[in-house]
Amino acid sequence: MRAGPAALLAVCAILPAAAAEIEKLEVTRTEARFGMTLSARLDVPLEDSYRVLGNFDELPRINDAVEEVRLLDGAPAGAQRLYTRVRVCVWLFCRHLDQVQDMWPIAGDDARGYNAAVLPERSNLRFGNARWRLRDCDGVTCLRFDAQLEPDFWVPPVIGPWAIERAMRREAIATAEGIERRALATSVAADTAP
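The numbering used here applies: residue 570 is where the sequence shown begins, and numbers increase by one.
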């Protein structure tokens, strides 16, 4: 007999709140290009974090700013092509980031993750790349995320850069916490299944 939805909700209610430990979060800007570095510790094992991150259908549950995710054809060998639509708001200013990106899994002796490259001709970004690195840190996951992006839309000159930096910080924290939360939830669900 499998645990029903009510049982899973009850278990999730008693789980500790996911609160990834953010060790470093830096957002930079050089002209129109924004960069971000995030280092965090997730209180879940590496395998659980990697499984959640690699299940692209989970992205809207990891971060509710992700409104749509679709796998697309045409990726280069060894990669997956992914379309995402992300709604980012700061105050009353909201914008959709529509991205098509090729995602390459990486696996080394001590790290797993993904490299991503945005296809500008199919996105509203002039440039974008990201590197997700997950590694084991004594039974928990150390996450490092590095990204650069350059919007291909008008950014209000005075408040725009500040708003983008603020949104990038918020979404980075939400994503780290979301990976941890989903990894905890899927681990508990697997443990309660007969």
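Idealized CB from N, CA, C, for every residue including glycine.
Specify the secondary structure class of residue i as computed by DSSP and reduced to three states.
| i | result |
| --- | --- |
| Gly623 | helix |
| Ser618 | helix |
| Glu595 | strand |
| Glu600 | coil |
| Trp701 | strand |
| Pro725 | coil |
| Pro720 | strand |
| Arg571 | Confidence at Arg571 is low in this model, with a pLDDT of 39, below 50, so its placement is unreliable and the value that follows should be read with caution. Here Arg571 sits in coil by DSSP. |
| Leu628 | helix |
| Leu753 | helix |
If we count the other Cβ atoms within 10 Å of its Cβ and call it buried at 16 or more, is residue i buried or exposed?
| i | result |
| --- | --- |
| Leu628 | buried |
| Arg707 | Here residue 707 turns out to be Asp, not Arg, going by the sequence shown. The residue is exposed, with fewer than 16 neighbouring Cβ atoms inside 10 Å. |
| Trp731 | exposed |
| Ile675 | exposed |
| Glu746 | buried |
| Leu661 | exposed |
| Trp723 | exposed |
Give the C-beta separation of residue i and residue j to the nearest angstrom, bearing in mind that I take them to be a contact with Cβ-Cβ under 8 angstroms.
| i | j | result |
| --- | --- | --- |
| Leu694 | Asp671 | Leu694 to Asp671, Cβ: 13 angstroms. No contact. |
| Ala588 | Glu740 | So it is not a contact: roughly 16 angstroms between Cβ atoms. |
| Arg650 | Val638 | Actually they are not in contact, since the Cβ atoms of Arg650 and Val638 sit about 12 angstroms apart, beyond 8 angstroms. |
| Asn698 | Ala686 | 5 angstroms |
| Asn684 | Arg664 | Their Cβ separation, rounded to whole angstroms, is 25 angstroms, which puts Asn684 and Arg664 out of contact at 8 angstroms. |
Strictly by DSSP, which residues pair up with residue i?
| i | result |
| --- | --- |
| Ile675 | Gly682 |
| Thr653 | Val638, Gln668 |
| Glu590 | Arg610 |
| Thr710 | Leu611, Asp705 |
Whether or not the region 603-614 and the region 696-714 are in contact is what I'm after, with contact meaning three or more pairs of Cβ atoms, one per stretch, closer than 8 angstroms; do they touch? Yes: at least three Cβ pairs fall under 8 angstroms.
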